[in-house]
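Residue numbers (full-length UniProt numbering), protein chains in the order written: chain G, 1 to 350; chain H, 1 to 350.
Working notes, beginning with the structure itself.
In structure tokens, the structure reads:
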């Protein structure tokens, strides 16, 4: 089959790789219908995370179940499914409380599973899915137009939702969203769904400001750092925000998030920290909490799927570039050069 | 009047100081009935926080209103009152959401107020109370035997309660309390009040273990560091605790708290951080949150007062040494030498 391989920073190719097959009786093989490129895929693409050998890549996909192992109970061939960005058994104590991203039997697409067996990356024609019952969420009665929004639930929408849950967004809140990438935009949509009265998004890019507004942002702050923080404090009459979503992961963005949070508020963070040092004395003095982490996208999938199917949310609008799998290199380039918020790859028929 | 002055590390004396009087129309003057020594008073007493000149000390007291300013509405002379460990207006936006410890008009006993006027320390015969309407909480119909428990609400019980609130303790939870000082013990009592099913306290001192058990602890772990963490993980079948109260404030105690928290749990911290560096990557990877800070004791005072008056809680049991104000030096020595969990000072008649 064809699948995406990152050979070295900047060098992403569609290669011929072995077809996956059932290796464990809890596996499924899924034929991919659509996949996409994540902001986190850009870390190795840009060489910020080292790439020492060619690696399979991609961790977001929807598709059709092709084959199941003999122990799989909840799926059958032909089911249309969404995969969260990690696989998990959904039965262990961590999964049971909804933190599937901490499942000790789970893991990431494109790496090895806990038995050392290859798990395919998502940006390819087929994927072997370990722990298929626990991992995959079925979708019934969708139409083709919903596929981008269903695909967005794999990662960015679930991650933005997690930021809003972690920040404890409540009805009537003033919320600040730091970051206007696909996750930040999903955070805006999430905060709006949770009833935030005011959503201030920190965004410098016009196309993203526009989508943020359509997703429910009420105010835009284009400035960053001290100036951006001062603007938010002024907009909140010196009080700060009731809840803050940190959707970037840099030291600067975290500093801003902690500064604009009012005393007693929580910063919900989902941007993988790169160069973040937490100012514990200031956090303590101001009673500003921090919660979040690797999003348990699996937890939120059933409800968010239903919200997509009912037309309540349309998170697939973050995909402002749609290409066939053959053009995966361009999909990366467009995101790397900020020509696209998020690139979607059409792989097969649904 | 007589009041406690810390002259230099280890040198605490009862000195003659000016009698306080009403300086602002929102002030009250309170005649102190009982005060106490806080673990945080030991930081300057031990020279860990520098002492460059003699300072008034003490921030926990109950007493009787002697005089009120012309703008004070909710109090009158003769009222028995509890003071939280900070004063606050209780009307600003931070106070209104219950974070009175962030009140921009507020401050600490024994320092200057926002206008630069002296505020008395609590370990003395009288205290000028700024913002008296916002700060003081009245008590009706108490008997003498309740005074230690009412005094405990000034700081340690409110602080332990804040740790449990911040850690989001819920009915049925397994809770770990790191620290067996008066705050940690109050944290145990708070978690028990909130319905925790299992309360594991990390404690090495027999007298504290005993009181912890009486307050509701179900398990004791005497070991610290790696060994203590391993014991907690074994006791929780490798899962970790649903909520963790960090009541010490050192790097080691925070490390333990974060390690024994299960994924998705929150560490509620109230020990002022000394040498704490937060491991953000590990916190992110495990979805372990951190919340808390300088406790808004004022927020919790009315409810905790009622719980004391009804006999539901008896947090005054943390006072295992009661002395007259004259013996304040011994009160400090006994805590410094760990002969007492917490020293109470009887100052005047109630």
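The beta-carbon is built from N, C-alpha and C at its ideal position, and this holds for glycine as well.
- Relative to residue 74 of chain H, the option among H/349, H/134 and H/82 whose CA is nearest is H/134.
- Here residue 22 of chain H has 28, 29, 67, 68, 69 and 128 as same chain residues with Cβ atoms under 8 Å from its own Cβ, once five neighbours each way along the sequence are excluded.
- Measuring C-alpha to C-alpha distances from residue 101 of chain G to each of G/338, G/314, G/337 and G/301 identifies G/301 as the nearest.
- In the DSSP annotation of this structure, residue 224 of chain G is not part of any beta strand (DSSP E), being labelled neither H nor E.
- No Cβ-Cβ contact shorter than 8 Å links residue 273 of chain G with residue 258 of chain G.
- Counted as a single uninterrupted DSSP element, the alpha helix (DSSP H) harbouring residue 207 of chain H occupies residues 206-215.
- Shortest Cα-Cα distance from residue 166 of chain H to any of H/25, H/49, H/98 and H/214 involves H/98.
- If you ignore the 5 residues before and after residue 348 of chain G, its C-beta comes within less than 7 Å of the C-beta of 31, 32, 33 and 125, all in its own chain and listed in chain order.
- Put simply, the segment 86-93 of chain H does not touch the segment 314-331 of chain G. Fewer than three CB pairs are less than 8 Å apart.
- Here DSSP, grouped into helix, strand and coil, assigns residue 343 of chain G to strand.
- In the DSSP assignment, residue 333 of chain G forms no beta bridge with any residue.
- A distance below 6 Å between beta-carbons, with the five flanking residues on each side excluded, links residue 162 of chain H to the following residues of its chain, in chain order: 270 and 295.
- Beta-bridge annotation (DSSP): residue 325 of chain G is not paired with any residue.
- Judged by their CB atoms, residue 221 of chain G and residue 199 of chain G are not nearer to each other than the 8 Å cut-off.
- For residue 342 of chain G, the number of other beta carbons within 10 angstroms of its own is at least 16, and it is reported as buried.
- With a threshold of 8 Å between beta carbons, residue 258 of chain G makes no contact with chain H.
- Shown here, residue 122 of chain G sits in coil according to DSSP, grouped into three states, outside any helix or strand.
- For the options G/103, G/121, G/104 and G/244, the alpha carbon positioned closest to that of residue 110 of chain G is the one of G/121.
- Residue environment: residue 18 of chain G is assigned as exposed (fewer than 16 neighbouring CB atoms within 10 Å of its CB, all protein chains considered).
- Looking at the backbone, the Cα of residue 297 of chain G and that of residue 58 of chain G are separated by about 15 Å.
- Neighbours of residue 99 of chain H in chain G, taken as residues at a C-beta separation under 7 Å, are given in chain order as 263, 264 and 287.
- Following the DSSP letters along the chain, one finds residue 60 of chain G in no alpha helix (DSSP H), marked with neither H nor E.
- According to the DSSP assignment, residue 286 of chain G belongs to the alpha helix (DSSP H) that extends over 280-286.
- For a Cβ distance threshold of 7 Å, nothing in chain G lies close to residue 1 of chain H: the least Cβ distance comes to about 32 Å.
- The beta-carbon distance between residue 183 of chain H and residue 215 of chain H, rounded to whole angstroms, is 12 Å. This is too long to meet the 8 Å contact definition.
- For residue 95 of chain H, there is no enclosing beta strand (DSSP E); the residue is part of the alpha helix (DSSP H) that begins and ends at 93-96.
- Contact of residue 273 of chain G with chain H by beta-carbon distance below 7 Å involves 280, 281 and 284.
- Chain G has a Cβ within less than 8 Å of the Cβ of residue 276 of chain H.
- Considering only beta carbons, the part of the segment 76-104 of chain G lying closer than 8 Å to chain H consists of 93, 94, 97, 98, 99, 101 and 102, in chain order.
- With a threshold of 16 other beta carbon atoms within 10 Å, residue 50 of chain G falls short and is exposed.
- Nearest CB-CB separation between residue 325 of chain G and chain H: not below the 8 Å threshold.
- Neighbours of residue 243 of chain G in chain H, taken as residues whose beta carbon is under 7 Å from its own, are absent, since the nearest beta carbon is some 12 Å off.
- Ranked by Cα distance from residue 262 of chain G, the first of G/238, G/82 and G/228 is G/238.
- The C-beta of residue 310 of chain G has fewer than 16 other C-beta atoms within 10 Å across all chains shown, which makes the residue exposed.
- The beta strand (DSSP E) runs lying completely inside the segment 226-258 of chain H and spanning 3 residues or more are 241-246, given in chain order.
- Just measuring C-alpha positions, the residue of H/46, H/251 and H/179 sitting nearest residue 335 of chain H is H/46.
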